[in-house]
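Trainee:
In the UniProt record's numbering, the protein residues as written are 1 to 282.
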């Protein structure tokens, strides 16, 4: 089983996670820029973070044979902090980088006017830089937030086939199904989606334009739940080709629209035995 996790926050994970992911069949990941939990107070802190996403994390992933790509954006939650507004001027510098395959995460947290402005501005950047866009739907008032996200996407003029609406569930999937956008689902231990629930959605709606991710971050999450979803699909009667489509070919197709998705040497399992990162000290 080959796996491309299209949304996972490896900054929050350990090298043991990378090793376990490689052993489970994960060969490529996309790491979206997101809220780290601790508020950032200046654009400089974002610059350091973005530099790590395109420099340090690809190095860490590469120790275990995993290809690492990133999406860059001012996230919705911090778009509400006036100290972070200048980050929108910083983002374009990173959208030219080879390892950046989309603009994201953008969208809504609390659906404020400042989030509206940041969302629209960054969709415009996606159009300008000819990149896909990764849209975060809010955790609260999800139906209204998802519909509002779709309205803003439509107003932006971006091709909906270059947009993934993420963190969907049974309540919001129908809103997105026929819009032309891609559908993203985050598999979590307790919240969002579970492997059995995801299998039922795939049975009902098919595998086309479906992206399954672990979104593993600093909260209770599990970067191996993409693998568990593939196993649940097989147990439910889906074919190996169906699993490969959902867990590999779909994310390759979506992020491949960036023209930057170099997956050379990623089509076969990596031999990471003996690889390690030297930790600090003499």
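Even glycine gets a Cβ: it sits at the ideal position worked out from N, Cα and C.
Small disclaimer: the values here were computed from a predicted structure and weren't measured.
From what residue to what residue does the alpha helix (DSSP H) around residue 226 run?
Mentor: By one-based count along the chain shown, residue 226 stands at place 226. Note, residue 226: alpha helix (DSSP H), 225 to 235.
Trainee: Can you tell me whether residue 144 is buried or exposed? The criterion is at least 16 other CB atoms within 10 Å of its CB, across all chains shown.
Mentor: Position 144 of the chain shown, counting from 1, holds the residue named residue 144. Residue 144 is exposed by the Cβ-count criterion.
Trainee: Thinking C-beta only, is residue 32 closer than 7 Å to residue 125?
Mentor: Counting from 1 along the chain shown, the entry for residue 125 is found at position 125. Counting from 1 along the chain shown, the entry for residue 32 is found at position 32. Not a contact, by the Cβ cut-off of 7 Å.
Trainee: Rounded to whole angstroms, what is the Cα-Cα separation between residue 266 and residue 82?
Mentor: Taking the chain shown and counting its residues from 1, one reaches residue 266 at position 266. Taking the chain shown and counting its residues from 1, one reaches residue 82 at position 82. Distance between the alpha carbons of residue 266 and residue 82: 41 Å.
Trainee: If you run the structure through DSSP and keep just helix, strand and coil, what is residue 182?
Mentor: Here residue 182 refers to the residue found at position 182 when the chain shown is read from its first residue. Residue 182 sits in a strand when the DSSP states are folded into three classes.
Trainee: Is residue 133 helix, strand or coil when you go by DSSP?
Mentor: Here residue 133 refers to the residue found at position 133 when the chain shown is read from its first residue. Reduced to three states, the DSSP call for residue 133 is strand.
Trainee: Report the start-end ranges of each beta strand (DSSP E) in the stretch 72 to 109 that is 3 residues or longer and not cut off at the edges.
Mentor: 100 to 107
Trainee: The beta strand (DSSP E) with residue 211 in it runs from where to where?
Mentor: As a position in the chain shown, residue 211 is number 211, starting the count at 1. Per DSSP, residue 211 belongs to the beta strand (DSSP E) from 210 to 213.
Trainee: State the CB to CB distance for the pair residue 229 and residue 212, rounded to an integer number of angstroms; the pair is presumed to be in contact (CB under 8 Å).
Mentor: In the chain shown, residue 229 corresponds to position 229, counting from 1. In the chain shown, residue 212 corresponds to position 212, counting from 1. Yes, residue 229 and residue 212 are in contact; Cβ-Cβ is about 5 Å, under 8 Å.
Trainee: Buried or exposed for residue 264, going by 16 or more other Cβ atoms inside 10 Å?
Mentor: Residue mapping note: residue 264 aligns to position 264 of the chain shown, counting from 1. Counting other Cβ atoms within 10 Å of its Cβ, residue 264 stays below 16 and is therefore classed as exposed.
Trainee: Excluding the five sequence neighbours on either side, which residues of its own chain have a C-beta within less than 7 Å of the C-beta of residue 147, listed in chain order?
Mentor: Along the chain shown, one-based indexing puts residue 147 at 147. If we look at residue 147 and ignore the five residues flanking it on each side, its Cβ neighbours are 175.
Trainee: Are the beta-carbon atoms of residue 102 and residue 66 separated by less than 7 Å?
Mentor: The sequence position of residue 102 within the chain shown is 102, counting from 1. The sequence position of residue 66 within the chain shown is 66, counting from 1. In this structure, residue 66 does not lie closer than 7 Å to residue 102 by Cβ.
Trainee: DSSP on residue 164, reduced to helix/strand/coil?
Mentor: The count along the chain shown starts at 1 and reaches residue 164 at position 164. Looking at residue 164 - three-state DSSP - the assignment turns out to be strand.
Trainee: What is the residue span of the alpha helix (DSSP H) that residue 127 lies within?
Mentor: The residue given as residue 127 occupies position 127 in the chain shown. Here the alpha helix (DSSP H) through residue 127 covers 113 to 128.
Trainee: Assuming residue 2 contacts residue 25 (C-beta within less than 8 Å), just tell me the rounded distance between them.
Mentor: Walking along the chain shown from the start, residue 2 turns up at place 2. Walking along the chain shown from the start, residue 25 turns up at place 25. 6 Å between Cβ atoms; contact.
Trainee: Starting from the Cα of residue 45, find the closest Cα among 179, 17, 90 and give me that residue.
Mentor: Here residue 45 corresponds to residue number 45 of the chain shown, with the count starting at 1. Of the listed residues, the one whose Cα sits closest to residue 45 is 90.
Trainee: Please report the distance separating the alpha-carbon of residue 159 from that of residue 181.
Mentor: On the chain shown, residue 159 is found 159 positions in, with the first residue counted as 1. On the chain shown, residue 181 is found 181 positions in, with the first residue counted as 1. Taking the straight line from one Cα to the other gives about 8 Å.
Trainee: Span of the alpha helix (DSSP H) holding residue 59?
Mentor: For the purposes of this step, residue 59 is identified with residue 59 of the chain shown, where counting begins at 1. Where residue 59 is concerned, the enclosing alpha helix (DSSP H) stretches over 56 to 62.
Trainee: With distance defined between alpha-carbon atoms, name the residue in 237, 186, 51 nearest to residue 210.
Mentor: Stepping through the chain shown from its first residue, residue 210 is reached at position 210. Selected option, being the one with the closest Cα: 186.
Trainee: Is residue 243 helix, strand or coil when you go by DSSP?
Mentor: The count along the chain shown starts at 1 and reaches residue 243 at position 243. Here residue 243 sits in helix by DSSP.
Trainee: State buried or exposed for residue 171, treating a residue as buried only when at least 16 other CB atoms are found within 10 Å of its CB.
Mentor: Taking the first residue of the chain shown as 1, we reach residue 171 at position 171. Label assigned to residue 171: exposed.
Trainee: Checking 7 Å against the spacing of the C-beta atoms, do residue 108 and residue 138 come in under that value?
Mentor: The residue labelled residue 108 in the question sits at position 108 within the chain shown. The residue labelled residue 138 in the question sits at position 138 within the chain shown. In this structure, residue 138 lies closer than 7 Å to residue 108 by Cβ.
Trainee: Can the beta-carbon of residue 151 be found less than 7 Å from the beta-carbon of residue 207?
Mentor: What you label residue 151 is simply residue 151 of the chain shown in a count that begins at 1. What you label residue 207 is simply residue 207 of the chain shown in a count that begins at 1. No. Outside cutoff.
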